[in-house]
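A.B. asks:
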Amino acid sequence: MPKVIDIRFEHHEASDIGIGEDCPRISWSYIGEDQDWIQQSYTIEISRHGITNTYDSSSNQCLFVPWPETPLLSTEVALVRVRASDERGNLTEWSDVAKVEAGLLHQEDWKCHLIEAESADWTENYHRPTIFRREFSLRQQIRRARLYITSHGIYTAKLNGRSIGDHVLSPGWTNYKNRLTYQTFDVSSHVGTDLNTLDVTVAPGWYCGRLGWRAGKTNVYGSALGLIALLQVEYEDGESIVLGTDSGWQWGYGPTLSSELYDGEVFDANQSLSQLTQWGNVTCKPIIDRLASPDGPPMRRTQEIQPIAILKSPSGQSIIDMGQNMVGWLRIKVAGGSAGHQIQLQFVEALENGECATRTLRAAKARDTVILGSDGTLEWEPNFTFHGFRYVGVDNWPGTLTTDCVKGIVVHTDMTKTGSFSCSNPLLNRLHENIIWSMRGNFLGIPTDCPQRDERLGWTGDINVFADTGNYLYRTGGILKTWLDDLKYEQEEAGGIVPLVVPNVIDGFDQDAHAIWGDVSVMLPWSLYRATGDREVLSRQYSSMKAWLDVIPRRENLLWNYTADWKLGDWLDPAAPPDDCGKATTNPTFVSDAFLAHITTLMTVISEILEEKADVQAYTVASEKIRSIFAHEYITPAGLVANCTQTAFALAMQFNLIPSEKQELYAGRYLSSIILESSRYKIGTGFAGTPYIGHALSKVGQTDIFYRMLLSRKNPSWLYPVTMGATTMWERWDSLLPDGSINPGEMTSFNHYALGAVGSWMHSVILGFRIQEAGWKGIKIEPVPGGGLKWAEGEYLSGYGMYRVRWVIIQDSKTQDESLSVEIQVPPNTTADVKLPGSEDVKRVGSGLHRWTAPYKSTQWPPEPLSLPFGEKETLPVDESLPCPWDPSTK
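What follows is the structure, given as structure tokens:
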């Protein structure tokens with residue numbers, strides 16, 4: 004029998020406490036290799052206040068099962084376990100017990116105030132980080148203690164000198180006018196019966212720090228640092244006390260002189276907290292924020308990286324090379340300096356002419372300054388800033404700087420890793436790793452565009468085009484649920500228009516509608532629903548989806564009628580000049596109309612799932628009309644597509660906008676000829692076309708053409724950055740030029756995930772994973788080898804359990820005949836339709852391990868030299884394939 008594992012509540016991680024739902028839906032997964040096992044019924048056991056109840060249901064549902072009991076009360080704890088049975092009545096063992104603990108569910112539970120420093124310095128547009136302190140005594144043995152805490156700014160907390168929790172940069176970034184998230188910590192082991200001291204340091208963060216490019220804006224949400232905290236202590240005899248932020252707190256300054264997200268942190272060890280003798284009074288204000296528990300996991304330190312080298316620049320500066328473009332900061336160990344000695348750390352993503360390339364930071368300083376204390380030794384890392392960097396320029400290091408003196412601390416939202424990919428081509432593996440690293444670095448509280456310059460904003464278009472790839476790589480339901488809630492709020496404030504960034508901190512970005520960026524209101528919830536199976540993500544965002552379609556400016560024929568004088572369109576088309584990223588070769592109105600047809604069709608499906616019958620009819624009629632008008636305006640009877648660009652053909656084909664199969668096949672052949680003759684297998688798409696061009700080619704049987712594109716190393720291509728040493732995805736196809744100089748454009752980042760949307764093709768075509776039923780309840784596995792690959796494998800941790808696919812091409816050493824060995828693993832309570840290359844048969848299989856071996860004939864790789872204009876020849880270099888990591892003969 005399979006085993007029930009991983010009991011989850013809503014989109015929370017197992018370690019989360021203080022959740023915000025009083026009736027949390029329950030999910031569970033399975034492990035085991037039982038063949039064709041399907042859950043027929045389940046029993047949920049819930050223990051509360053020493054009373055245990057069980058609830059039985061005849062259902063195969065194991066994702067987002069409704070809470071069967073009365074709602075939880077604030078701070079209440081319940082213990083939950085599950086078992087299930089199959090169609091023969093065989094029972095699984097009980098799962099391990101999972102604990103769910105509610106937070107403060109009602110505003111009136113916050114029996115405290117917002118406190119601010121009575122008087123504080125605000126010089127040169129910097130708010131100096133402020134320490135809030137409360138001392139208290141407890142009278143007897145403690146049974147349980149919880150700290151509920153948030154801030155106007157970002158905070159760290161210590162109780163009796165011990166750090167509370169492992170979160171960083173809390174409470175993160177939301178639109179604070181919509182909601183301010185709070186965190187819950189178990190501090191039972193921190194408190195004592197003697198005098199206790201609670202210290203909370205608050206820094207500007209996103210609340211009142213600088214946001215946006217150039218000078219940006221400060222005090223976006225407020226003009227003062229503040230703290231809201233509530234400590235609940237339960238004694239062993241059952242009595243409890245509550246200590247909240249009130250006039251009994253004091254404030255002062257510590258050793259952090261300044262700390263800004265863009266500019267870095269200044270730390271003076273000579274101003275330690277122990278030397279602080281002057282404490283000021285606090286001002287108490289009523290709490291007007293809507294306080295809410297987070298929907299997803301916190302930001303944490305997730306990895307430590309040792310530098311690979313200490314370089315010396317032509318100017319003589321020491322430069323630390325981390326070997327990996329990363330997001331986070333440095334932890335340093337200093338010995339031998341004198342009091343007052345200043346060390347400066349300059350964080351950059353790239354070097355140019357051997358020096359730190361700060362131009363790409365624009366107005367962000369990205370610099371930490373450390374001032375040593377009297378003994379000249381220090382171990383330090385910042386608390387209230389982060390950097391996007393591979394290199395760190397170091398000035399005034401006392402003594403000899405070695406790699407042992409520093410460590411890179413990787414920071415991001417601590418999501419569960421769900422998807423993997425590897426194959427015989429090491430460059431493709433590096434490309435996939437680059438995609439993962441860029442997602443990690445840009446999922447820092449919200450999904451951002453880049454982590455290093457004076458921006459770091461939640462651009463709606465970036466996450467829209469990357470969603471399918473991101474939802475494969477990590478469990479994103481929690482972080483994106485919170486972000487979509489803010490999107491809905493911002494959209495309501497803007498009269499239905501989806502701002503270009505969420506939270507919106509840029510003036511004018513909520514004034515005009517833009518396709519793709521605004522389409523995220525429909526496409527991201529749909530992608531999340533497909534990945535997670537959570538129908539509520541559609542119902543929660545449904546009003547947002549409708550509002551977006553209602554506000555799109557239309558012509559009489561329902562297609563776009565732009566009122567803005569600029570359109571983002573196929574942003575960062577490689578043909579666009581460095582100083583004009585939106586000057587794409589594909590007409591932006593064509594792009595907008597293609598996406599409009601797509602989202603209107605999606606709305607037909609979504610409204611049907613939500614049983615909105617009137618809307619089903621309305622969107623069906625609108626979709627048919629838009630498609631008809633689109634075909635009339637943009638598609639010739641033979642299947643030629645207006646613009647004749649890679650993006651135009653890819654969108655028309657992938658969104659099923661070409662009326663007939665015959666026209667679509669012609670369009671596919673024409674797209675192939677464009678790729679062959681005009682671009683020589685180089686990429687010609689920007690934001691709009693990049694996610695779809697591979698899928699469009701595979702749809703019409705031209706997968707080998709896209710393998711050629713994917714494996715091209717000439718600029719622009721996906722592997723060009725890899726051959727140039729990239730360890731993350733670049734914002735531009737040529738952020739680094741072939742001569743080693745940096746692209747002269749103002750927007751040149753070395754860590755953007757958007758063009759990593761190609762990962763979706765790698766997962767669905769090379770591995771063959773294709774969702775058929777939401778939540779991966781049913782999938783199709785149809786791997787398509789090519790590009791000279793000898794093997795590939797990948798895993799996906801769905802809500803039901805682990806899927807795995809492996810394939811390897813085997814050549815008989817005597818006959819040279821080839822065969823393809825395929826192995827798949829399907830988790831209990833799911834099914835998979837398997838289609839092997841060269842066969843039209845589709846095999847429906849249930850859970851368990853399945854293997855097939857079939858005759859196979861590889862296409863020639865590398866291909867014959869390709870004849871190009873002017874008598875040129877092009878050949879693809881042959882890489883040494885990585886050996887297959889498993890034995891395909893294992894049975």
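Residue numbers for the sequence shown follow this note's numbering, beginning at 4 and rising by one.
Glycine included, every Cβ here is placed at the ideal spot set by N, Cα and C.
Assuming the contact rule is C-beta atoms closer than 8 Å, LEU228 and GLU119 should be a hit. Round their C-beta distance to whole Å, please.
C.D. replies: Within the sequence shown, the letter at position 225 stands for residue 228. Within the sequence shown, the letter at position 116 stands for residue 119. Yes, they are in contact, since the Cβ atoms of LEU228 and GLU119 sit about 7 Å apart, within 8 Å.
A.B. asks: Based on Cα-Cα distance, which residue from LEU739, GLY257, GLY841 lies nearest to HIS130?
C.D. replies: Translated into the one-based positions of the sequence shown, residue 130 becomes position 127. Closest by alpha carbon: GLY257.
A.B. asks: Which ranges would you report for the alpha helix (DSSP H) in the region 530-618 if only whole runs of at least 4 residues count?
C.D. replies: Counting whole runs of 4 or more residues, the region 530-618 contains the alpha helix (DSSP H) stretches 539-554, 591-612.
A.B. asks: Quick check: the region 321-328 against the region 390-399, are at least 3 beta-carbon pairs closer than 8 Å?
C.D. replies: Yes: the two stretches touch, three or more of their Cβ pairs being nearer than 8 Å.
A.B. asks: From the DSSP output, which residues share a beta bridge with SER287?
C.D. replies: Residue mapping note: residue 287 aligns to position 284 of the sequence shown, counting from 1. Checking the sequence, you will find Cys at residue 287 rather than Ser. Looking at the DSSP assignment, CYS287 forms a beta bridge with ILE118.
A.B. asks: With C-beta atoms as the reference, is TRP383 less than 7 Å away from ILE335?
C.D. replies: For the purposes of this step, residue 383 is taken as residue 380 along the sequence shown, with counting starting at 1. For the purposes of this step, residue 335 is taken as residue 332 along the sequence shown, with counting starting at 1. Cβ distance < 7 Å, so TRP383 and ILE335 count as in contact.
A.B. asks: Closer than 8 Å by C-beta to ALA148: which residues in its own chain qualify, once you throw out the five before and the five after it? Chain order, please.
C.D. replies: By one-based count along the sequence shown, residue 148 stands at place 145. Excluding residues within five positions, the ones whose Cβ falls inside 8 Å are ASP189, VAL190, SER191, HIS193, VAL194, LEU234, GLN235, VAL236, GLU237.
A.B. asks: Taking the Cβ atom as the reference point for each residue, do TYR710 and MET732 lie within a distance shorter than 7 Å?
C.D. replies: As a first step, residue 710 is located in the sequence shown; it is residue number 707 there, counting from the start. As a first step, residue 732 is located in the sequence shown; it is residue number 729 there, counting from the start. No, Cβ-Cβ distance for TYR710 and MET732 is not below 7 Å.
A.B. asks: By a C-beta neighbour count over all protein chains shown, 10 Å radius and 16 as the cutoff for buried, is PHE873 buried or exposed?
C.D. replies: Position 870 of the sequence shown holds residue 873. A caution first: PHE873 carries a pLDDT of 49, below 50, which makes its placement in the model too unreliable to give a value.
A.B. asks: When the Cα atoms are used, what is the spatial distance from TYR799 to GLN544?
C.D. replies: As a working mapping, residue 799 is identified with position 796 in the sequence shown. As a working mapping, residue 544 is identified with position 541 in the sequence shown. Whole-angstrom Cα-Cα distance: 26 Å.
A.B. asks: Is the beta carbon of LEU375 closer than 7 Å to that of GLY331?
C.D. replies: The residue given as residue 331 occupies position 328 in the sequence shown. The residue given as residue 375 occupies position 372 in the sequence shown. Not closer than 7 Å, so no.
A.B. asks: Considering just the uninterrupted stretch of the alpha helix (DSSP H) at GLY473, what are its terminal residues?
C.D. replies: As a working note, residue 473 is residue 470 in the sequence shown. It spans 463-476 - the alpha helix (DSSP H) in which GLY473 sits, taken as one unbroken run.
A.B. asks: Would you say the region 788-795 touches the region 483-496, given that touching needs at least three Cβ pairs under 8 Å?
C.D. replies: No: fewer than three Cβ pairs fall under 8 Å.
A.B. asks: Give me, in chain order, the residues of the same chain whose beta-carbon lies closer than 7 Å to that of ILE244; leave out the 5 immediate sequence neighbours on both sides.
C.D. replies: As a first step, residue 244 must be located in the sequence shown, where it is residue number 241. Here the set comprises VAL236.
A.B. asks: Are the Cβ atoms of ILE609 and LEU541 separated by less than 7 Å?
C.D. replies: The residue you call residue 609 lines up with position 606 of the sequence shown. The residue you call residue 541 lines up with position 538 of the sequence shown. Yes, Cβ-Cβ distance for ILE609 and LEU541 is below 7 Å.
A.B. asks: Is the distance from the Cβ of ASN467 to the Cβ of LEU527 below 7 Å?
C.D. replies: The residue labelled residue 467 in the question sits at position 464 within the sequence shown. The residue labelled residue 527 in the question sits at position 524 within the sequence shown. Yes, Cβ-Cβ distance for ASN467 and LEU527 is below 7 Å.
A.B. asks: Report all residues from its chain with a CB closer than 6 Å to the CB of ILE49; omit the five preceding and five following residues, and keep chain order.
C.D. replies: Numbered from its first residue, the sequence shown carries residue 49 at position 46. Correct list, in chain order: ASN56, GLU72, ALA81, VAL83.
A.B. asks: Pairing CB atoms from the region 852-860 with CB atoms from the region 768-780, are three or more of them under 8 Å?
C.D. replies: Short answer: they don't touch.
A.B. asks: Could you check the C-alpha separation between TYR477 and LEU141 for me, to the nearest Å?
C.D. replies: Reading the sequence shown from its first residue, position 474 is the one you call residue 477. Reading the sequence shown from its first residue, position 138 is the one you call residue 141. For TYR477 and LEU141, the distance between alpha carbons rounds to 43 Å.
A.B. asks: Apply the 10 Å Cβ neighbour rule to LEU571 and answer buried if 16 or more other Cβ atoms are within range, or exposed otherwise.
C.D. replies: Mapped onto the sequence shown, residue 571 falls at position 568. The residue is buried, with at least 16 neighbouring Cβ atoms inside 10 Å.
A.B. asks: Can you tell me whether LYS410 is buried or exposed, with buried defined as 16 or more other CB within 10 angstroms of its CB?
C.D. replies: Counting from 1 along the sequence shown, the entry for residue 410 is found at position 407. Looking at its Cβ environment, which holds 16 or more other Cβ atoms inside 10 Å, LYS410 is buried.
A.B. asks: Could you check where the beta strand (DSSP E) with PRO858 kicks off and where it finishes?
C.D. replies: As a first step, residue 858 is located in the sequence shown; it is residue number 855 there, counting from the start. Unbroken beta strand (DSSP E) run through PRO858: 851-858.
A.B. asks: What number of angstroms, rounded off, separates the C-alpha of ARG847 from the C-alpha of ASN428?
C.D. replies: Translated into the one-based positions of the sequence shown, residue 847 becomes position 844. Translated into the one-based positions of the sequence shown, residue 428 becomes position 425. Those two C-alpha atoms are separated by around 30 Å.
A.B. asks: Can the beta-carbon of SER676 be found closer than 7 Å to that of GLN705?
C.D. replies: The residue labelled residue 676 in the question sits at position 673 within the sequence shown. The residue labelled residue 705 in the question sits at position 702 within the sequence shown. The answer is no: Cβ separation not under 7 Å.
A.B. asks: Indicate the three-state DSSP secondary structure (helix, strand or coil) for TRP332 in the structure shown.
C.D. replies: Sequence index remark: in the sequence shown, residue 332 carries index 329 (1-based). Three-state DSSP puts TRP332 in a strand.
A.B. asks: Between ALA600 and PHE512, how many whole angstroms is the CB-CB distance? I'm expecting something under 8 Å.
C.D. replies: One-based indexing of the sequence shown puts residue 600 at position 597. One-based indexing of the sequence shown puts residue 512 at position 509. Wrong, their Cβ atoms sit about 25 Å apart, outside the cutoff.
A.B. asks: According to DSSP, is VAL703 part of a helix, a strand, or is it coil?
C.D. replies: The residue you call residue 703 lines up with position 700 of the sequence shown. DSSP places VAL703 in coil when its eight states are reduced to three.
A.B. asks: If you drop the 5 nearest sequence neighbours on each side, which residues of the same chain put their C-beta closer than 7 Å to that of GLU96?
C.D. replies: Indexing the sequence shown from 1 puts residue 96 at position 93. Within the same chain, GLU96 has close Cβ partners LYS6, ARG86.
A.B. asks: Quick one: using the 10 Å Cβ neighbour count with 16 as the cut-off for buried, is ILE291 buried or exposed?
C.D. replies: In the sequence shown, residue 291 corresponds to position 288, counting from 1. Exposed: under 16 other Cβ atoms inside 10 Å.
A.B. asks: In angstroms, rounded to a whole number, what distance separates the CA positions of GLN455 and ALA218?
C.D. replies: Residue 455 sits at position 452 when you count from the first residue of the sequence shown. Residue 218 sits at position 215 when you count from the first residue of the sequence shown. Rounded to whole angstroms, GLN455 to ALA218 spans 16 Å at the Cα level.
A.B. asks: If I follow the unbroken beta strand (DSSP E) through TRP97, where does it start and stop?
C.D. replies: The residue you call residue 97 lines up with position 94 of the sequence shown. Element bounds for TRP97: n/a, residue is neither H nor E.
A.B. asks: Short of 8 Å in beta carbon distance, which residues of its chain neighbour TRP282, apart from the five on each side in sequence? Order them along the chain.
C.D. replies: Position 279 of the sequence shown, counting from 1, holds the residue named residue 282. Result list for TRP282: ARG136, GLN253, TRP254, GLY255, in chain order.
A.B. asks: At what residues does the alpha helix (DSSP H) containing THR485 begin and finish?
C.D. replies: As a working mapping, residue 485 is identified with position 482 in the sequence shown. Unbroken alpha helix (DSSP H) run through THR485: 480-496.
A.B. asks: List the whole-angstrom C-beta distance separating GLU104 from GLY175, where the pair is believed to meet the contact cut-off of C-beta under 8 Å.
C.D. replies: Working through the sequence shown from its first residue, we reach residue 104 at position 101. Working through the sequence shown from its first residue, we reach residue 175 at position 172. No, GLU104 and GLY175 are not in contact; Cβ-Cβ is about 20 Å, not under 8 Å.
A.B. asks: Between TYR185 and TYR151, which are expected to be in contact by the criterion C-beta below 8 Å, what is the C-beta distance as a whole number of angstroms?
C.D. replies: Start at 1 with the first residue of the sequence shown, and residue 185 comes out as number 182. Start at 1 with the first residue of the sequence shown, and residue 151 comes out as number 148. Between TYR151 and TYR185 the Cβ distance is about 6 Å, and since that is below 8 Å, they are a contact.
A.B. asks: Can you have a look at ASN399 and say buried or exposed, based on whether 16 or more other CB atoms are within 10 angstroms of its CB?
C.D. replies: Within the sequence shown, the letter at position 396 stands for residue 399. The residue in question, ASN399, is exposed, as its Cβ has fewer than 16 Cβ neighbours within 10 Å.
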